[in-house]
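Engineer: Pasting in a structure now, in structure tokens, and then I'll have a few things to ask.
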Amino acid sequence: MEQDFLIQDISKAEANKQARKVLEPKYEKPLWKEYLETAVIALVAAIVLRIFVVSAYRVSSSSMADTIYTGDYIFVNKLAYDMGNEPMPGDIIVFKYPNNPEKHYIKRITAVGADVVQIADKVVYVNEEVAPIPAESKHTDKRNIPGDLSFRDNFGPYQVPINQYFVMGDNRDDSRDSRFWGSVPKENILGKAVFIYWSWEPGESPAWEFPYIIETVQWIGYGLFNFPSHIRWERLGTAL
């Protein structure tokens, strides 16, 4: 009999517990908290990417036209040459300018350490063979300047030091590169250009200096609401 009462008491207690669950209002997280948590997670992820994986750059010169234009915004993979991967001819890299490491340049690798580079009448030779011509590279000046006046059209022969890289701009007649100031040490390389994520017509490219996240929002917002006609939509997402 005592066991019957015990069972009844337990059943009654369980029923009361279930009733309270039904009657008690379910707690729901405020919407603003959900937005805040999402924003914080996104911010942390962006900061981690910024520090360890990618960097964003705004291109302010025409030396890489027609591959990269003034006003293009690019992502650079900072880990591209880790884990045994080596920079290769054809790679577009961002690096510290050897004569002033505070400045960052973007060029294409033409030759690597131990290669012999020579330029004759604007034609680039690497190890006595004509170097591959980038699809979007160009010459804008028909003049052929003798080598005793300028290294632009006639250069070398020059052997690239080990662990250094000979770089050139795709806009061959309008680029100050390894022809003029020498090769780039490997330790100066900051990463490999991956793709164009934003692009503005020259003259309309914002030059504000903001923290990384705010900067990106400002670029996009400014373009969408003020100068949509100056956004080069066809270039967004272009792989490099």
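With the sequence shown counted from 1, adding 4 to any position gets you our numbering. Virtual Cβ for every residue (Gly too), placed ideally from N, Cα, C.
Of all the options T144, D95, I96 and G75, which has the alpha carbon lying nearest to the alpha carbon of S203?
Structural biologist: G75
Engineer: Just verifying my parser: in three-state terms, what is the DSSP assignment at F199?
Structural biologist: DSSP places F199 in the strand class (E or B) of the three-state scheme.
Engineer: Residues in the same chain with beta-carbon distance under 8 Å from I166, minus the five sequence neighbours each way, listed in chain order, please.
Structural biologist: G117 and A118
Engineer: Could you check which residue in S67, I96, M68 and A69 has the C-alpha nearest to that of N81?
Structural biologist: I96
Engineer: Going by CA-CA distance only, name the one from E140, N104, A243 and F199 that's closest to A60.
Structural biologist: The shortest Cα separation from A60 among E140, N104, A243 and F199 belongs to F199.
Engineer: Alpha helix (DSSP H) containing S59: first to last residue?
Structural biologist: S59 -> not in any alpha helix (DSSP H); beta strand (DSSP E) instead, spanning V58 to R62.
Engineer: Should the region 100-111 be regarded as contacting the region 138-148, the criterion being three or more beta carbon pairs within less than 8 Å?
Structural biologist: no
Engineer: Between V134, P189, V130 and G173, which has its C-alpha nearest P161's C-alpha?
Structural biologist: V130
Engineer: Is it true that the CB of G195 sits closer than 9 Å to the CB of Y85?
Structural biologist: Note that the C-beta distance between Y85 and G195 is below 9 Å.
Engineer: Assuming K146 and R176 are in contact, meaning their beta carbons sit under 8 Å apart, how far apart are those beta carbons, in whole angstroms?
Structural biologist: Contact doesn't hold; Cβ gap of about 12 Å is too wide.
Engineer: With R112 as the anchor, note down where its beta strand (DSSP E) starts and where it stops.
Structural biologist: R112 -> beta strand (DSSP E) spans N104 to V116.
Engineer: Where does G241 fall in DSSP's three states?
Structural biologist: coil
Engineer: Ordered along the chain, which non-local residues of its own chain (more than five positions away) have a Cβ less than 8 Å from that of M92?
Structural biologist: I113 and V116
Engineer: Taking all protein chains shown into account, do 16 or more other C-beta atoms lie within 10 angstroms of the C-beta of V127, making it buried, or fewer, making it exposed?
Structural biologist: exposed
Engineer: Beta-carbon separation of S154 and V171 under 9 Å?
Structural biologist: With respect to the 9 Å criterion, S154 and V171 are not classified as neighbours on the basis of their beta carbons.
Engineer: Considering only residues of the same chain and omitting the five flanking positions on each side of F184, which have a CB-CB separation below 7 Å?
Structural biologist: F155
Engineer: What's the C-alpha gap between G94 and L40?
Structural biologist: 43 Å
Engineer: Rounded to whole angstroms, what's the CA-CA distance from P34 to I235? Just pull it up for me.
Structural biologist: 38 Å
Engineer: For A243, does the count of other Cβ atoms within 10 angstroms reach 16, so buried, or fall short, so exposed?
Structural biologist: exposed
Engineer: Rounded to whole angstroms, how far is the Cβ of F79 from the Cβ of Y169, which I believe are closer than 8 Å?
Structural biologist: At roughly 21 Å, the Cβ-Cβ gap does not stay under 8 Å, so F79 and Y169 are not in contact.
Engineer: Given a cut-off of 9 Å on the beta-carbon distance, is the pair D174 and T42 in contact?
Structural biologist: Cβ distance not < 9 Å, so D174 and T42 don't count as in contact.
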